[in-house]
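Student: Note that this note's numbering has the sequence shown beginning at 18, numbered continuously upward.
Right, I'll just put the structure down here and ask away after.
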Amino acid sequence: MLIKEQVVEAACAVSELPPGIERIDCSHSTILPGLIDAHVHYSSPMGPASIGAGVTTIRDVGNDLEWILKERAAHAEDVTLGPGIVCCDHLLDGSPAHWPRVGRPHADEESLREGRIAPGFQAELVAVEGDPLQRIQDIANVQCVVRAGRVFRLQELHKLARSYHDTDPTDPVTMDSMAPQIT
């Protein structure tokens, strides 16, 4: 493995390494370019500890959005503060919220009946293999889509796709192209 200034430049056979470079025998070791922790509710003290444990990227799955975005920017400027951050907004919680600092209630009962999330809250969520927002044909395994704060169940999506496809069967169907029907 060729490492230059703490960056892995190449994974290659020892015979392919340039002559005259420093060689370190790591034959009984494992070299990791960085681990990803995919489920974190991040707090600042976790940063240096994560880096020390080899975690170079975290996926924060629920936090105050403004705060976590500031943390992400700070880590991008100074990697010693903590790992890179991939984040989402507040987690959706029960009503009342069990985790009020990092979560928000889904919605009141009336909003839930109407398929809306709490006012002002928007989410984009698709549980599917493929990308039905770009190619509606990938909808086969979708359980629901949350778009602009409204939950669309599978039956609603099929109905929307059929009605849109009936107007122009040659046009590729996307959620954006169906937007006028979704509002």
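Glycine included, every Cβ here is placed at the ideal spot set by N, Cα and C.
These figures come from a predicted structure and were not determined experimentally.
Contact defined as beta carbons within less than 8 Å: I believe G99 pairs with P65. What is the distance between those atoms, to the nearest angstrom?
Tutor: Residue numbering aside, residue 99 sits at position 82 when the sequence shown is read from its first letter. Residue numbering aside, residue 65 sits at position 48 when the sequence shown is read from its first letter. That pair is a contact at about 7 Å.
Student: Roughly how many angstroms separate the alpha carbons of A90 and T97, rounded to a whole number?
Tutor: Counted from its first residue, the sequence shown places residue 90 at position 73. Counted from its first residue, the sequence shown places residue 97 at position 80. Distance between the alpha carbons of A90 and T97: 13 Å.
Student: Using three-state DSSP, classify I41 as helix, strand or coil.
Tutor: As a first step, residue 41 must be located in the sequence shown, where it is residue number 24. Here I41 sits in coil by DSSP.
Student: Grouping DSSP H, G and I as helix and E and B as strand, with all else coil, what is E26?
Tutor: Reading the sequence shown from its first residue, position 9 is the one you call residue 26. It is a strand residue.
Student: Who are the near neighbours of V25 in its chain, counting only those whose CB is closer than 7 Å to its CB and skipping five residues on each side?
Tutor: In the sequence shown, residue 25 corresponds to position 8, counting from 1. Excluding the 5 residues flanking it on each side, V25 has same chain C-beta neighbours closer than 7 Å at M18 and P50, in chain order.
Student: So if DSSP puts V57 in a beta bridge, which residue, or which two residues, is it bridged to?
Tutor: Along the sequence shown, read from residue 1 onward, the residue named residue 57 stands at position 40. Its beta-bridge partners are D77.
Student: Need the endpoints of the alpha helix (DSSP H) that I48 sits in, please.
Tutor: Position 31 of the sequence shown, counted from the first residue, corresponds to residue 48. Taken as a continuous stretch (DSSP letters only), I48 belongs to no alpha helix (DSSP H), as it is neither H nor E.
Student: Quick one: using the 10 Å Cβ neighbour count with 16 as the cut-off for buried, is I53 buried or exposed?
Tutor: Locating residue 53 in the sequence shown gives position 36, where the first residue counts as 1. Its Cβ having fewer than 16 others within 10 Å, I53 is exposed.
Student: Can you tell me whether E64 is helix, strand or coil according to DSSP?
Tutor: As a position in the sequence shown, residue 64 is number 47, starting the count at 1. Here residue 64 turns out to be Gly, not Glu, going by the sequence shown. If DSSP states are grouped into helix, strand and coil, G64 belongs with the helices.
Student: Any idea what DSSP makes of V96, helix, strand or coil?
Tutor: Taking the sequence shown and counting its residues from 1, one reaches residue 96 at position 79. Three-state result, V96: coil.
Student: Can you name the start and end residues of the beta strand (DSSP E) that G101 belongs to?
Tutor: By 1-based counting over the sequence shown, the position of residue 101 is 84. G101 to C104 is the extent of the beta strand (DSSP E) around G101.
Student: Do you know whose CA, among A30, C29 and G101, lies nearest G71's CA?
Tutor: Position 54 of the sequence shown, counted from the first residue, corresponds to residue 71. It is G101 whose Cα lies nearest to the Cα of G71.
Student: Straight-line CA distance for K21 to P62?
Tutor: Residue 21 sits at position 4 when you count from the first residue of the sequence shown. Residue 62 sits at position 45 when you count from the first residue of the sequence shown. Distance between the alpha carbons of K21 and P62 is about 29 Å.
Student: L19 lies in the beta strand (DSSP E); which residues open and close that run?
Tutor: Along the sequence shown, read from residue 1 onward, the residue named residue 19 stands at position 2. Counting along the chain, the beta strand (DSSP E) containing L19 begins and ends at L19 to K21.
Student: Buried or exposed: which applies to Q23, given that a residue is buried once 16 or more other Cβ atoms fall within 10 Å of its Cβ?
Tutor: Position 6 of the sequence shown holds residue 23. It counts as exposed.
Student: Would D77 be called buried (16 or more neighbouring beta carbons within 10 Å of its own) or exposed?
Tutor: For the purposes of this step, residue 77 is taken as the residue at position 60 of the sequence shown. Answer is buried; the Cβ neighbour count reaches 16.
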